[in-house]
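Peer 1: So for the sequence shown, the numbering used here puts the first residue at 658; every next one is plus one.
Using N, Cα and C, we set each Cβ at its ideal position, and we do this for glycine too.
None of these values were measured; they are calculated from a predicted model.
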Amino acid sequence: MVDFLDCNGLIRSSQHGFRKDRCCLTNLLEFLDKVTNSLDNQNNINVIYLDYAKAFDKVPHSRLLAKIEKHGIGGKVLAWIKEWLHGRRQRVVCIDGYKSTWKVVSSGVPQGSVLGPILFLIFINDLDFKLISSILKFADDTKLFGIVNTDVDREIIQQDLSQLVDWSDKWLMPFNISKCVVLHLGKSNREYDYDMGDTKLKSVKQEKDLGVLITRDLKPARQCQEAYAKASRALGLIARTITYKSPKLMLQLYKTAAI
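1) Mapping DSSP to helix, strand and coil, what is G803?
2) Could you tell me the alpha carbon to alpha carbon distance between F675 and L867, rounded to whole angstroms?
3) Identify every run of the alpha helix (DSSP H) within the region 756–805, keeping only runs that are complete inside it and at least 4 residues long; order them along the chain.
4) Check I752 in the structure and name its three-state DSSP category.
5) Can the beta-carbon of L894 be found closer than 9 Å to that of Q880?
6) Less than 9 Å between the C-beta atoms of R920 and V771, yes or no?
7) Measuring alpha carbon to alpha carbon, tell me which of E812, N846, F777 and A878 ends up nearest L722.
8) Tell me, which residues are paired with Q816 by DSSP?
9) Using the C-alpha atoms, what's the distance from N701 back to V750?
10) CB-CB under 7 Å to R811, same chain, minus the five flanking residues each way: which ones, in chain order?
11) Once DSSP output is grouped into helix, strand and coil, what is the label at S835?
12) For the candidate residues W828, F802, I813 and C681, whose alpha-carbon lies nearest to that of F780?
13) Would T799 be called buried (16 or more neighbouring beta carbons within 10 Å of its own) or exposed?
14) Who are Q699's beta bridge partners in DSSP?
15) So, are the CB atoms of D785 and R669 less than 9 Å apart?
16) Is DSSP giving K844 helix, strand or coil here?
17) Relative to the alpha-carbon of L840, which residue among K794, Q816 and F802 has its alpha-carbon at the smallest distance?
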C-alpha cells in the first residue's frame, strides 16, 4: 500500500509523518525556510497551529473506507481492511481489577499497529485541498501559515481556516479549538485576529512545534534554555538517587531521564 501511494504521488507533499525520508526535521526545515525567506523580504507571517480532539480515535470507519477506495485501493485489500476494522471492541480495566462492559468501536484507527498510521494519512490527505495558504502536517500536527501584509492577505488565511473547519465537520474530525493558537511573526505585523466557528483564536508569543519552541523573534535562546534546564533536572535526579556511577550506567540513565 505504501509503495502504491508513493509511486503514484497520492499522499500530498505537505504530509511529513510516517513517510520515507520525511520526519519532524524535514517538516521544521521546510517551515523555517519558507518563514525566514519571507521575513528577510520584509514580509509578515501569521502561523495558525491546529489541534485535533483525539484525532486517531475519531476517524469514522465508514468514511475511512470510502476514502481508501477513492485512493485506488480496492478488491481483496479493501475487503481485508474492512474486516480488520469490523467488530472491534474495547473496555476499561481499573487498578483494582474492576472491568467495564465491552463497547463496540465504530471509529478510530488502531494505535500501535503498522497499518493504523497509513490509514490515518489517507483519511486526512485531502485536508489541504484547494487551500491558498501554506500548510504542513506531521500526522495530525498541522500548521497553516502565510504572508499577511494587508487586510486581503488576512482574509485569505481566514477563508482557508473556515474551509478547514468545514472539512472537520464533514468528516467528523473536530478541532480542539481551545488549543488552536495564532503566532504573529514580523516586525510590522498588525496581529490580525482569526476565528474558528464562533471562537476567536488565542494569540501567543511562542509555541511548541514538534518539540521545538518557536518564538516571535525566531531566536533559539528559549529552546536552548529549556534544553539546558531539562538536562540539569535529569542530572540532579541521578545525582540524588544513584550511588554507583559508572560511565556506562550514567550514560544510560541520562539518556533515559532526559527523554
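Peer 2: Short version:
1) strand
2) 14 Å
3) 772–780
4) coil
5) no
6) The structure shown does not extend to residue 920, since the chain is modelled only from 658 through 916, so no value can be given for it.
7) F777
8) Note: Q816 sits in no beta bridge, so no partner.
9) 51 Å
10) V805 and Y849
11) helix
12) W828
13) buried
14) According to DSSP, Q699 bridges with nothing at all.
15) yes
16) coil
17) F802
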